[in-house]
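Enquirer: Before I ask anything, here is the structure I am working with.
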Amino acid sequence: MLLLLLCCLPLVGCDGCRRTDDSDVTDKPPEPEIAVGILRTMPAHAESPVSYVKPGHWAAAYQDLKATRQDHRGALQTESLATDGRRLPVGKTEYSFLFSRPAALVKGQQKRFDLQLYVPHHSEQTQRGTLLQSSFASRQGSLFDGIQSRLNTMPAYQYYFVVLTSRPADFAYIGDDDWQRMRSDELSDSEQNIHYRLVAPSTEGVVPIPDSFLQWTSIAYVLWDDLSPETLTSDQQQALLDWVAWGGRVIVNGPASAASFRGTPLQTLLPIEAADSSELSGEQIAPLLQAWQVPDDSANASNGDTTATVVNQLASVDSMPGAGGAKRDGAREVDGTNDLVLERNTGRGNVVITRFDLTAGWLRKWPAASGFYNGALLRRPPRDFERLNFGVQTVFADGLQKQTRNPQLVSGLRILSRDMSFAGGTAAAIEDSRPTKTQESSWISGRFDPDVAGGVAAWNEKSGVSSVARNALQKAAGISIPPARFVARSLIWYLAILVPLNYIIFRLLGRLEWAWIAVPVIAAGGAIWIARQAQLDIGFARSRSELALLEIQGGHDRGHLTRYMALYNSLSTTYEADFDTREALLAPVSMSSTPTEAQQQIQFRTGFSSGVQVQGLNVPSNKTQLLHAEQMVSLGGVLSISDDETTLHNDTVMEFEDVSVVRRNDANELESAPLGPLQAGESVRLNFQSAGAAVALGTDIPEDSADLMRIVLSEHQLPAGEIRLIGRIASELPGCQITPQASQTQAQTVVHATLRYPPLPTARPDLRMRPEVQVEGEDFGLPAEQ
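Be aware that the sequence shown starts at 3, since it is given in my numbering, and climbs by one per residue.
The structure is reproduced here in structure tokens:
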């Protein structure tokens, strides 16, 4: 019996093994050769699997890839799709984007790749979001499709609020605060006017935030807590500096991080010197609490805490962490903060620093903290609360009750080529329309359009700058018949050479019979000469026209260059654009107002060379294609004005022509200081004179440049305290090469610099606390309680 059992045992064991293997094969599907992970946009929240994208804004993203069977080299490709799988066209053009970057994969190793995106607007986004299709194109010719990532879309009035901290749990309380939304009790949660989407990126490894200002336009605020600036890469630090110069706003938790800014490029942002920490007492906090107290907070405090009770609790606190450091030039106290909150303008942007810790317990208990965040830290208009039939609506005060969805009150970022308002087809029409524009306030400027589909700083082909440039280029690239004078003059010269001159020359040579041989040679030469003289008008040559705007912020050493280009050719040609920097964007512009389906695909390539490459720009025969490109350029120095406004310093490497500096004096009168040419490295005295109703531009400026200079200067919308410079560069700025090259090129560049901005309006607390909502039972058809 024992021998029989021993003989059966191997059979049972083998059979068991075979059953287990069969089960494993059935339950575990084979891994794909290229595993493509879910695409995540930046800035990315550390704990959330959901990604958001703001249509009309360029974005940075990342995606994980893994080769499971062998090493692979190729490209990661991404494109935007509608929910039915259609490719999304760029604006009203017939082009769609395919974003591509190189990717090298080692078998078994997961690798993260950064990429760039642009999601155009389409009608389904609000309800269904956007699809992004990713794939891996191998060098061997194989295409491995990845998964489709669905991204939620952000409305025009919503922007990111990024918290850079290693302790996100300590800032969880601001996620429940109502300063980030204009709450209405009559709206569902999905309809609430949420202004800010809070994001706390992971600080382990490379922080998932964009490394170019051109992808920061959907970010409104950065709250900087306890990170060292060296946590960010040098490119991310430069992006932050550019973003602040164009209107980004930073809130610095002073005790946690001020000292770590010392010796870094970001030190220039701080309103105080980056010194070691100090100590504060509760008595120093009390004046701030009392100044920012909302009148009726004691009657509406739901948790029993009022400003008075918080002040009493702080009276016994002798020491708490504080941020030391003297005030820097240009810094000022935020109103009513007892020198504990300081701010400083950097270009258009604003940096606020607190000398107390923003995670302190007393701040969480204080019932007026929400209004303090809104008015003192975010530097927004005070709020009010209006009674509704079924609750309360949060609104802005100061006559801004109907502006709860105005992006200008959510983000301070402005880019002239994208945000300038437009009210007509020409610069003259724009000027004539200005008196009828919506009444401005100290918080809203009629110079900028609040109704752009993507909000402020969105890619915009309908802005005033874009419209003027488009109209000018359409004229420059148009086909026209040569004038009769040109035809008559050419015919007279041809006949004069063919008959009398031909006869006289060979008669003198004694070879009159050779005159007949010279006739076809003269005819061919005349045809070539006429063609070369008329080639732009009658379409015999490839041409490129460019009208550009270089926007500069005073004291900042980088500029934002926007190019509008028109490509024309007689035969169908496919163009390629090559930039010398990775910080460049390009998109086609439609010359039609009728939407169309995407029929052609443009490849937007990053990482294949030192700069961006855009391939597949196909221009049909005898057609013109307009392009809109933007890039960041180094100025080699800064443009600045002295504190007493008497001297202009051009420390850049650029030379400008037809320069004028414009301001308003204390009597609100428009003044200008015409300078003419301004050389690189030159400092000049400013002699301001009354400009009357409008600033006089130079007399020899081309018409297209003059129209663009007039609209971007917009002196009728120049507030007191702001100083602008207008000028031009006669030649094309380097940095963008279009191939094949055109035989005829013309380029003009307008320069606009804001040398000084006025201070922000006075910081003020809310008008009142949000009232408690008490709803009677009969309001819902229920019996009232007795």
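Note that CB positions come from ideal geometry on N, CA and C, so glycine has one too.
#1: In terms of residue numbering, what span does the beta strand (DSSP E) encompassing T576 cover?
#2: Is G638 buried or exposed, if buried means 16 or more other CB atoms sit within 10 Å of its CB?
#3: Would you mind stating whether I63 and T43 have Cβ atoms separated by less than 8 Å?
#4: Is it true that the CB of L710 sits closer than 8 Å to the CB of V454?
#5: DSSP state of Q605, grouped into three classes?
#6: Is DSSP giving Q194 helix, strand or coil here?
#7: Excluding five sequence neighbours on each side, which residues of the same chain lie with their C-beta closer than 7 Å to the C-beta of T440?
#8: Could you check where the beta strand (DSSP E) with P369 kicks off and where it finishes?
#9: If you run the structure through DSSP and keep just helix, strand and coil, what is V640?
#10: Provide the residue span of the beta strand (DSSP E) that contains A805, from first to last.
#11: Considering only the beta carbon of each residue, do T361 and F163 sit closer than 8 Å?
#12: Given T266, which residues of its chain have a CB within under 7 Å of its CB, disregarding the five upstream and five downstream residues?
#13: Tell me, please, whether the region 545-554 touches the region 730-750 by the rule of three or more beta-carbon pairs shorter than 8 Å.
#14: To the nearest angstrom, report how far apart T396 and G377 are at their CA atoms.
#15: For the candidate residues A61, D337 and L225, whose alpha-carbon lies nearest to that of F215?
#16: Within 10 angstroms of its Cβ, does F392 collect 16 or more other Cβ (buried), or is it exposed?
#17: Below 8 Å on the Cβ atoms is my guess for A370 versus T309; work out the distance and round it to an integer in Å.
#18: Less than 8 Å between the beta carbons of L569 and A631, yes or no?
#19: Among all the DSSP beta bridges, which residues are the ones paired with T751?
#20: Going by Cα to Cα distance, which pick from G250, F263, L365 and A317 is closest to W294?
#21: Taking 8 Å as the cut-off, does the region 247-259 touch the region 408-426 (at least 3 CB pairs, one atom from each stretch)?
#22: Determine the DSSP secondary structure at H558, reduced to helix, strand or coil.
#23: When the distance is taken between beta carbons, is A261 closer than 8 Å to D278?
#24: State the start and end residues of the unbroken beta strand (DSSP E) segment that holds P323.
#25: Distance, Cα to Cα, V92 vs L503?
#26: Which one of R114, P323 and R89 has the shortest CA to CA distance from G39?
#27: Leaving aside the five residues before and after R141 along the sequence, list all residues of the same chain whose C-beta is less than 6 Å from its C-beta, in chain order.
#28: Does the beta-carbon distance from W218 to A241 come in below 8 Å?
#29: Following the continuous alpha helix (DSSP H) through E705, name the residue where it begins and the one where it ends.
#30: Figure out for me which residue from R88, A328, P57 and A139 has the closest Cα to the Cα of I1.
#31: Just the Cα atoms here: how many angstroms apart are R71 and E81?
#32: Taking the alpha carbon of V296 as the point to measure from, which residue in V458, A46, S50 and G338 has its own alpha carbon closest?
#33: Pairing CB atoms from the region 652-666 with CB atoms from the region 618-627, are three or more of them under 8 Å?
#34: Cutting at 7 Å between CB atoms, please list the residues of its own chain near R185, excluding the five before and the five after it.
#35: With 16 other CB atoms within 10 Å as the buried threshold, where does P383 fall?
#36: Let me confirm a value: Y566 is counted as buried when at least 16 other C-beta atoms fall within 10 Å, else exposed. Which label applies?
Expert: So, from the data block:
#1: For the purposes of this step, residue 576 is taken as residue 574 along the sequence shown, with counting starting at 1. T575 to F581 is the span of the beta strand (DSSP E), which, as asked, contains T576.
#2: Numbered from its first residue, the sequence shown carries residue 638 at position 636. Exposed: under 16 other Cβ atoms inside 10 Å.
#3: Reading the sequence shown from its first residue, position 61 is the one you call residue 63. Reading the sequence shown from its first residue, position 41 is the one you call residue 43. Checking the sequence shown, residue 63 turns out to be Ala, not Ile. A contact, by the Cβ cut-off of 8 Å.
#4: In the sequence shown, the residue the question calls residue 454 occupies position 452. In the sequence shown, the residue the question calls residue 710 occupies position 708. The answer is no: Cβ separation not under 8 Å.
#5: What you label residue 605 is simply residue 603 of the sequence shown in a count that begins at 1. Of the three classes helix, strand and coil, the one that applies to Q605 here is strand, per DSSP.
#6: To locate residue 194, count along the sequence shown from 1; it is residue 192. Coil at Q194, not helix or strand.
#7: For the purposes of this step, residue 440 is taken as the residue at position 438 of the sequence shown. In this predicted model, T440 has a pLDDT of only 43, less than 50, meaning its place in the structure is not dependable enough to derive any value.
#8: Position 367 of the sequence shown, counted from the start, is the residue given in the question as residue 369. Run containing P369: none; DSSP gives neither H nor E here.
#9: Counting from 1 along the sequence shown, the entry for residue 640 is found at position 638. In this structure, V640 counts as coil in the three-state DSSP scheme.
#10: It is not possible to answer for residue 805, since the shown part of the chain is limited to 3 through 788.
#11: As a working mapping, residue 361 is identified with position 359 in the sequence shown. As a working mapping, residue 163 is identified with position 161 in the sequence shown. No, Cβ-Cβ distance for T361 and F163 is not below 8 Å.
#12: For the purposes of this step, residue 266 is taken as the residue at position 264 of the sequence shown. Excluding positions up to five away in sequence, the list reads P231 and E232.
#13: yes
#14: Counted from its first residue, the sequence shown places residue 396 at position 394. Counted from its first residue, the sequence shown places residue 377 at position 375. Roughly 14 Å separates the two Cα atoms.
#15: What you label residue 215 is simply residue 213 of the sequence shown in a count that begins at 1. Nearest C-alpha to F215: A61.
#16: Locating residue 392 in the sequence shown gives position 390, counting from the first residue. So F392 ends up on the exposed side.
#17: Counting from one through the sequence shown, the residue named residue 370 turns up at place 368. Counting from one through the sequence shown, the residue named residue 309 turns up at place 307. At roughly 6 Å, the Cβ-Cβ gap stays under 8 Å, so A370 and T309 are in contact.
#18: In the sequence shown, residue 569 corresponds to position 567, counting from 1. In the sequence shown, residue 631 corresponds to position 629, counting from 1. No; because the gap between Cβ atoms is not below 8 Å, this pair is not in contact.
#19: By 1-based counting over the sequence shown, the position of residue 751 is 749. Beta-bridge pairing links T751 to A550 and I731.
#20: Taking the sequence shown and counting its residues from 1, the one referred to as residue 294 is at position 292. Selected option, being the one with the closest Cα: L365.
#21: yes
#22: Here residue 558 refers to the residue found at position 556 when the sequence shown is read from its first residue. It is coil, neither helix nor strand.
#23: For the purposes of this step, residue 278 is taken as the residue at position 276 of the sequence shown. For the purposes of this step, residue 261 is taken as the residue at position 259 of the sequence shown. Closer than 8 Å, so yes.
#24: Taking the sequence shown and counting its residues from 1, one reaches residue 323 at position 321. Per DSSP, P323 belongs to the beta strand (DSSP E) from M322 to A325.
#25: Sequence index remark: in the sequence shown, residue 92 carries index 90 (1-based). Sequence index remark: in the sequence shown, residue 503 carries index 501 (1-based). Rounded to the nearest angstrom, the two C-alpha atoms are 59 Å apart.
#26: What you label residue 39 is simply residue 37 of the sequence shown in a count that begins at 1. It is R114 whose Cα lies nearest to the Cα of G39.
#27: Here residue 141 refers to the residue found at position 139 of the sequence shown. Taken in chain order, the residues that qualify are R75 and G76.
#28: Along the sequence shown, read from residue 1 onward, the residue named residue 218 stands at position 216. Along the sequence shown, read from residue 1 onward, the residue named residue 241 stands at position 239. Yes, they are a contact pair.
#29: Position 703 of the sequence shown holds residue 705. Its alpha helix (DSSP H) spans residues E705 to L715.
#30: Outside the displayed range of the chain (3 to 788) lies residue 1, so it cannot be described from this structure.
#31: Your numbering for residue 71 matches position 69 in the sequence shown. Your numbering for residue 81 matches position 79 in the sequence shown. Each residue's Cα considered, the two are about 26 Å apart.
#32: Here the question's residue 296 lines up with position 294 in the sequence shown. Closest by alpha carbon: G338.
#33: no
#34: In the sequence shown, the residue the question calls residue 185 occupies position 183. Q194 and T396.
#35: The residue given as residue 383 occupies position 381 in the sequence shown. Under this definition P383 is a buried residue.
#36: As a position in the sequence shown, residue 566 is number 564, starting the count at 1. Within 10 angstroms of the beta-carbon of Y566 lie 16 or more other beta-carbons, which makes it buried.
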